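Okay, structure first, notes after.
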Amino acid sequence: MFAKDQLDFEPIPLPDRADLSDAKSLAAARAFLASMEQRHTVRDFSPRPVAREVIEAAVATAGRAPSGANHQPWHFAAISGPKAKAAIRAAAEKEEEAFYAGGGGDEWLKALEPMGTDPAKPHLEVAPWLIVIFAQRWGEFSDGTRYKNYYVPESVGIATGFLIAALHQAGLVALTHTPNPMKFLNGLLGRPASEKPVMILAVGHPAEEATVPRAAKIKKPLSEIMSVIED
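By this note's numbering, the letter at position 36 of the sequence shown is numbered 1193, and the numbering carries on one by one without gaps.
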């Protein structure tokens, strides 16, 4: 993406500009909030297919996220093949079994109890798509020399948020999954050592019998997550 001889600053006019009245701005913000209030993390997926074009559009949205020095230090591996999904499930469950056997620590395991999770991860095969999110710790110029990426965790986290929001807008549900460690994903998916897997996102339509933990509906009120300083 980058070339050593094309790193000069060149400002261009702002290509896109929203021109909303204050009232329309507030209405738009509240409409998006209302939509995102209907987003749920789901573990019960339908085998109903999802078109590749939908996944591509959502990942393209993720790629529009801001990033440190605009290095865009991410890669999204989208998997729909049954063999690949089965391999990922087998490797992930092996790590999860060790975690739930005590590797996760008593405090972490206790915190997960209201979520109703366990080592079994059938959704990794049932969901029509898995998107594995990789953080690129460094990049390479066209001549093969490395360059450093900046604010990688922050950048990838923002892009992942864009992705989850885009999938929700497409009428899909998603489940974040972070087996630890996740190095097995590099080998299974042929990704280079410069990339660190940070999350598996199972994506699809919810099953008819899908449920969510009651505890997951408890969200902190605005007064707890926001402070305002006006002078």
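All C-beta atoms in this analysis are idealised placements derived from N, C-alpha and C, irrespective of residue type, glycine included.
These numbers come from a predicted model, not from an experiment.
Short Cβ contact (9 Å threshold) for L1287 with V1207: Contact flag unset, no.
Nearest neighbour of A1277, chosen from E1210, Y1304, H1334 and K1161 [CA to CA]: Minimum Cα distance to A1277 is reached at H1334.
N- and C-terminal bounds of the alpha helix (DSSP H) containing K1242: Per DSSP, K1242 is one residue of the alpha helix (DSSP H) stretching across P1239 to A1255.
When G1260, H1228 and A1191 are compared against E1311, the one with the closest alpha-carbon: Taking only the C-alpha atoms, the option nearest E1311 is H1228.
Among I1386, H1362, I1315 and A1372, the one whose alpha carbon lies nearest that of I1212: If we check each option's Cα against that of I1212, H1362 comes out closest.
CB contact flag (V1283, P1204, <9 Å): Yes, Cβ-Cβ distance for V1283 and P1204 is below 9 Å.
Option in I1290, E1252, E1381 and A1292 with minimal Cα separation from P1399: Any answer about residue 1399 is impossible in this case: the structure gives the chain only from 1158 up to 1388.
Cβ pair S1380, Y1308 closer than 9 Å: Their beta carbons are not under 9 Å apart, which means S1380 does not touch Y1308 by this criterion.
Residues near S1237 by beta carbon distance below 7 Å, same chain, minus five either side: Within the same chain, S1237 has close Cβ partners P1285 and W1286.
Residues bridged to M1356 [DSSP beta-bridge criterion]: Partner(s): I1290.
Test item: CB-CB of V1289 and I1245 under 9 Å: Yes, the pair counts as a contact, with Cβ atoms nearer than the cut-off.
Close-in-space but distant-in-sequence residues of the same chain around S1384 (CB under 8 Å, 5 per side omitted): Taken in chain order, the list of residues that qualify is empty.
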